[in-house]
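Residue numbers (our numbering): 67 to 384. Cβ atoms here follow ideal geometry from the backbone N, Cα and C, with glycine treated the same way. Comments concern the structure below.
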Amino acid sequence: MKVKISIFGFGTVGRALAEIIAESPRIYNIELQVISITDRSGTIWGDFDILEAKEVKESTGKLSSMGDYEVYNFTPQELIEEVRPDILVDVSSWDGAFKLYEFALKEGVSIVTSNKPPIAEHYKELIDMARENKVGIFFESTVMAGTPIIGLLRENLLGERIEEIKAVLNASTTFILTSMEKGMSLDEAVKEAKSLGILEEDPSKDIDGIDAYYKARILHWVSYGEPPEEEERIGIREVRDARNVRLVAEISRGRVKVMPRKLESESPLLVSGVMNAAIIKTNNLEVVLKGPGGGGRVTASGVFTDIIKAALKFPNLR
Ligand SMILES: NC(=O)c1ccc[n+]([C@@H]2O[C@H](COP(=O)([O-])OP(=O)(O)OC[C@H]3O[C@@H](n4cnc5c(N)ncnc54)[C@H](OP(=O)(O)O)[C@@H]3O)[C@@H](O)[C@H]2O)c1
């Protein structure tokens, strides 16, 4: 089965995905064919080499520098209607990508995404639209990157009642807090994180807990099928004594809280580096999940698995 893929966004995750697809273009009888890639400079569309596209993007910063290819400036609607992919893969940082998803789902195109805001803000509309149009929407890498918490909640724990999830979901704040544990001030730790490229383009998304809040909201949607009624978000700006402190997201029916918490020294949530962790309590189980929560390959790995799921579950691709 041939599956035509449009990649939207060609940053760290998009380029790592291109690498993974180039390594395994045929898998489980599926032939993956990337027919377009879009960045802010435009869309390349047709029969191109994805590794060449990656090289050009890395050396010039722009897909539009691809020599022999025409570059299109499509609107979201035109991208779907002209290119007509089977699967739209959104690995962009565009907060407004919901518009693009609407066109895609209505045209019978499945979506795979690592982009949080559209899922956190429009979950129900998107799930309903996907159902109506008999296509899928997959978003494993929006939370804990390739560490499969979404699959666990959406599939493996379907028969369980989720009582509570406590999780460390943002590695940048973990980096800052562990630097503070070693004696740095908040400002020094933020500066170091910035210089290492660990923070989001807008650092307040990490420091004020916005990134963790989006992820917590997605976990609430997946666990309870409804939005939280009560939400509280406190970032790490006021933390002075960072010993054993992590930015913890707490999710229970109707409630989402993100705030710095002092943890017991043996808590599974006391992670360091890029690790994320979650404790999921159900009516019968307590599951601890731990794994890397960011990085190009790690995030693209979750996206790649979602592409395979989309292709296998919705084989009536166009
Ligand atoms: N990196 C991670 O570890 C990680 C983990 C989990 C989830 N995510 C999510 O995955 C997505 C991609 O992450 P990333 O690290 O690859 O980000 P990135 O390196 O900043 O790349 C973002 C890409 O999106 C493109 N883009 C943004 N707005 C666009 C628009 N309106 N039209 C077309 N292209 C647009 C950018 O184009 P230009 O290149 O032209 O600027 C860039 O190629 C983000 O939503 C991020 O939050 C990332």
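> What did DSSP end up calling N95 once you bin it into helix, strand or coil?
Replying inline: coil
> Using a Cβ-Cβ cut-off of 8 Å (strictly less than) and excluding sequence neighbours within five positions of F315, which residues of its own chain qualify?
Replying inline: This sequence places Ala at residue 315; Phe is not what is there. Only I231, K232, A233, V234, L235, A278, Y279, K281, A282, L285, V322, K323 and V324 meet the Cβ criterion.
>> Looking at the secondary structure, which residues open and close the alpha helix (DSSP H) in which G362 lies?
In response: G362 to K379
>> Closest to M341 by C-alpha separation, out of D161, E144, G77 and M210, would be which residue?
In response: M210
> Taking just the CA atoms, how far does Y167 sit from M132?
Replying inline: 27 Å
> Ordered along the chain, which non-local residues of its own chain (more than five positions away) have a Cβ less than 6 Å from that of N297?
Replying inline: Reading off the sequence shown, one finds Glu at residue 297, where the question assumed Asn. Once the five neighbours on either side are set aside, the close Cβ partners of E297 are V322.
> From what residue to what residue does the beta strand (DSSP E) around M250 run?
Replying inline: Segment: none, M250 is in no beta strand (DSSP E) and carries neither H nor E.
>> Taking the alpha carbon of D157 as the reference point, which residue from V149, V178, K172 and A237 has its own alpha carbon closest?
In response: According to the sequence shown, residue 157 is Val rather than Asp. If we check each option's Cα against that of V157, V178 comes out closest.
> According to the neighbour-count rule (16 or more other Cβ atoms, all chains shown, within 10 Å of its Cβ), is V354 buried or exposed?
Replying inline: exposed
>> Within 10 Å of its beta-carbon, does D253 have 16 or more other beta-carbons around it, so buried, or fewer, so exposed?
In response: exposed
> For T365, is the beta carbon positioned less than 7 Å from some heavy atom of ligand 1?
Replying inline: yes
> Span of the beta strand (DSSP E) holding V234?
Replying inline: I228 to V234
> Roughly how many whole angstroms lie between the Cα atoms of M67 and V175?
Replying inline: 16 Å
> So I93 and F76 are in contact, right, with Cβ under 8 Å, and what is the actual spacing, rounded?
Replying inline: Between F76 and I93 the Cβ distance is about 22 Å, and since that is not below 8 Å, they are no contact.
>> Please determine whether the Cβ atom of V79 lies at a distance below 7 Å from any heavy atom of ligand 1.
In response: yes
> Roughly how many angstroms separate the alpha carbons of E147 and A170, rounded to a whole number?
Replying inline: 9 Å
> Looking at K375 and ligand 1, is the gap between the Cβ and the nearest heavy atom below 7 Å?
Replying inline: no
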